[in-house]
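To convert a position in the sequence shown, counted from 1, into my numbering, add 2.
Cβ coordinates follow ideal geometry from the N, Cα and C atoms, glycine included.
Notes for the one structure printed next.
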Amino acid sequence: MSNFMFPENFLWGGAIAANQAEGAYLEGGKGLTLVDLLPTGESRRDIMKGYIPSLTPLENEFYPSHEAIDFYHRYPEDIALFAEMGFKSLRISISWARIYPTGEDVQPNEEGLQFYDNLFDEMIKHGIEPVVTLAHFDVPVALIEKYGSWRSRKLVELFETYSRTVLARYKDKVKYWMTFNEINMLLHLPFLGAGLTFKEGDNVKQIQYQAAHHQLVASALAVKACHELIPDAMIGCMLAAGSFYPYTCNPEDVYQGMEKDRESYFFIDVQSRGEYPGYAKRFFRDHGLNIEMEPGDDQILKEHTVDYIGFSYYSSRTTSTDPEVIKNMTSGNVFGSVANPYLDKSEWGWTIDPKGFRITANQLHDRYQKPLFVVENGLGANDEPAADGTVDDDYRIDYLQRHIAEMGEAIQDGVNIIGYTSWGPIDIVSASSGEMRKRYGYIYVDRDNEGKGTLKREKKKSFDWYKKVIASRGADL
Ligand code: BGP
């Protein structure tokens with residue numbers, strides 16, 4: 003037992019995304035979204051980067067999001083289990099294509115709207131506060147085909163319509179909103195992050211930063227709509243966070259660490275401070291990028307900044323300018339990090355750095371002076387159930403225990419953290435690998451990488467552990 007107790011109103015809970023949990027990919031009038039085109043297997047990484055052979059699902063591929071864990075039909079059972087753990091909040095995302103199947107239908111799809119109404123009612127019945135992401139990797143495919151997704155300004159207007167529709171519909175049920183999940187993913191996995199596709203010879207940077215501008219304006223317009231429609235709500239941004247460490251104290255490494263952090267901070271600087279930072283303008287100049295902005299965009303960005311900073315934290319990152327280090331120390335992540343010799347890695351090569359969580363939270367606090375919301379954190383592992391079906395996931399408990407302890411330290415440092423929703427409280431499809439076997443849950447789902455299994459839910463050892471953490475307000479880790 004530690005002496006430290008998290009604040010009484012702290013939003014303990016878990017986080018999932020529509021495309022990784024719901025399944026029912028064509029039910030209820032839903033249109034295809036970009037994730038429905040991401041197969042398991044080799045081609046997934048290329049497609050996530052923007053090189054896709056076809057914008058329709060192929061017959062000989064397995065697409066895990068098509069059925070996922072069938073949350074669409076089974077959510078009452080899952081929410082009852084979350085409630086049993088004592089969740090105060092649950093982060094979900096709304097699938098844009100459930101509401102507007104083609105992204106530009108004249109009327110929203112009532113069946114889709116009703117689904118989320120029922121879902122929110124179920125949460126509220128159990129005293130669980132909904133935390134809602136407007137876009138979690140799921141642009142309607144029709145908008146990719148017709149407009150090239152976020153490279154087109156048209157998406158700003160369509161996203162605003164979608165946002166206003168759901169904000170107005172759920173204004174009495176949802177008080178915590180978020181615009182784009184991991185907005186900086188647009189630079190690393192541009193198809194996954196923003197539905198961008200490329201062909202040979204494209205100026206990829208130009209397309210990415212133009213799309214980023216569109217998302218930033220769309221995000222500000224969603225903030226504006228939220229403030230108008232639900233004055234007592236909070237709406238935030240969402241960053242894939244994790245500070246860069248310089249590999250050595252060579253100023254070149256230190257400078258590069260700062261630059262790499264700024265690649266991500268760029269988005270949040272605009273969303274939270276309301277203007278493009280000087281270093282971004284210089285970056286555009288140095289790379290010959292010409293970002294088209296409409297008159298009035300500056301003002302929209304300035305006037306509609308976010309209320310809180312949502313972020314995911316899985317690990318810190320490390321950077322080096324030394325070719326030898328880079329050659330020998332590669333790490334399997336999308337952020338271009340070299341391996342950190344002081345830290346262990348998960349089975350999937352993700353660095354494990356609890357102290358980095360405290361560092362990252364402090365840096366975000368120092369930079370933005372706004373409430374922080376940890377909306378993802380957790381350990382992806384290949385759980386093997388014992389013969390009797392139990393899963394003793396002590397490694398997961400260990401990971402979470404050490405991270406939650408550092409979060410407590412950050413709060414004691416004066417960082418205002420309003421909640422913690424760990425990633426995948428129930429096993430869901432992995433975003434980066436498409437695997438089911440990369441599990442984060444307190445609840446095991448009987449489903450394998452090929453889509454076989456009964457989908458039955460079983461509590462893992464971490465279930466009771468997390469329940470105890472919440473009940474003791476983090477004092478009993
Ligand atoms: C974040 C995403 C999530 C998610 C999580 C874990 O990038 O916002 O959607 O899945 O990472 O990643 P993975 O599922 O690849 O292990």
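8 Å contact criterion, which residue i and residue j should meet: CB distance rounded
i: M240; j: E326; result: Actually they are not in contact, since the Cβ atoms of M240 and E326 sit about 36 Å apart, beyond 8 Å.
i: I94; j: I209; result: I94 to I209, Cβ: 30 Å. No contact.
i: L13; j: S91; result: 4 Å
i: L40; j: G436; result: 6 Å
i: S322; j: Y257; result: 12 Å between Cβ atoms; not a contact.
i: Q109; j: W152; result: Not a contact, Cβ separation roughly 24 Å.
i: R360; j: A412; result: 5 Å
i: F246; j: T320; result: 7 Å
i: D450; j: R439; result: 7 Å
i: L34; j: V143; result: 4 Å
i: Y53; j: F200; result: 6 Å
i: H128; j: I96; result: That belief does not hold up - the Cβ atoms of H128 and I96 are roughly 19 Å apart, past 8 Å.
i: M87; j: F465; result: 6 Å
i: K175; j: F117; result: That pair is no contact at about 13 Å.
i: I130; j: V219; result: Wrong, their Cβ atoms sit about 32 Å apart, outside the cutoff.
i: S4; j: L457; result: Not quite, the Cβ-Cβ distance comes to about 38 Å (not below 8 Å), so this is no contact.
i: W98; j: V133; result: W98 to V133, Cβ: 17 Å. No contact.
i: E147; j: L57; result: 6 Å
Contacting residues, own chain, Cβ-Cβ under 7 Å from residue i (five flanking each side not counted)
i: A23; result: A70, I71, F73 and I430
i: V417; result: A363, N364, H367 and L374
i: G114; result: G30, G31, K32, R100 and I101
i: C251; result: none
i: D263; result: S245 and F246
i: F337; result: H190 and R319
i: P59; result: D38, L39 and Y65
i: H289; result: K207
Beta-carbon spacing of residue i, residue j below 9 Å
i: I481; j: L83; result: With the chain running from 3 to 479 in the structure shown, residue 481 is simply not present.
i: Q273; j: A222; result: yes
i: K177; j: L231; result: no
i: L381; j: S348; result: yes
i: W352; j: Y315; result: no
i: A242; j: F161; result: no
i: Y1; j: D38; result: The chain is shown from 3 up to 479; residue 1 falls before or after that span and cannot be answered.
i: L145; j: L157; result: yes
i: L194; j: A213; result: no
i: W425; j: Y401; result: no
i: W467; j: I420; result: no
i: P9; j: R475; result: yes
i: V393; j: Y422; result: no
i: P427; j: F89; result: yes
i: Y310; j: K226; result: no
i: G271; j: E277; result: Reading the sequence as shown, one finds Asp at residue 271 and not Gly. Yes; because the gap between Cβ atoms is below 9 Å, this pair is in contact.
i: E296; j: R166; result: no
i: H306; j: H215; result: no
i: D255; j: D324; result: yes
i: A26; j: H75; result: yes
Boundaries (first-last residue) of the beta strand (DSSP E) holding residue i
i: W14; result: L13 to A17
i: E79; result: Careful: E79 lies outside any beta strand (DSSP E), inside the alpha helix (DSSP H) at F73 to M87.
i: E131; result: E131 to A137
i: M374; result: First, the residue type needs correcting, since residue 374 is Leu and not Met in the sequence shown. That run of the beta strand (DSSP E) goes L374 to E378.
i: S45; result: No beta strand (DSSP E) contains S45, which is instead part of the alpha helix (DSSP H) from S45 to M50.
i: K461; result: R459 to K461
i: M240; result: M236 to A243
i: R93; result: S91 to S95
i: F117; result: Not the beta strand (DSSP E): F117 falls in the alpha helix (DSSP H), residues E112 to K127.
i: T362; result: No beta strand (DSSP E) contains T362, which is instead part of the alpha helix (DSSP H) from P356 to Y370.
i: M180; result: Y178 to F182
First through last residue of the alpha helix (DSSP H) which encompasses residue i
i: V225; result: V206 to L231
i: Y397; result: D396 to Q414
i: M260; result: P253 to I270
i: W98; result: W98 to I101
i: P165; result: Sequence inspection shows Ser at residue 165; the Pro mentioned does not correspond to that position. Counting along the chain, the alpha helix (DSSP H) containing S165 begins and ends at K156 to R171.
i: Y249; result: Per DSSP, Y249 belongs to no alpha helix (DSSP H) and is neither H nor E.
i: V327; result: P325 to N330
i: G476; result: Premise fails: G476 is in no alpha helix (DSSP H) and is neither H nor E.
Neighbourhood of residue i by C-beta, 6 Å cutoff - its chain only, sequence neighbours within 5 removed
i: F6; result: G410
i: M180; result: T135, G238, M240 and G312
i: R404; result: P356
i: E124; result: P78 and I81
i: A137; result: F182
Closer than 9 Å to chain B by CB, residue i
i: Y27; result: Structure shown: chain B not included; a single protein chain is present.
Cut-off 8 Å between Cβ atoms - residues of its own chain near residue i, not counting five sequence neighbours on either side
i: F286; result: Y211, N292 and I293
i: D396; result: K463
i: N335; result: S317, R319, G351, W352 and T353
i: A388; result: D394
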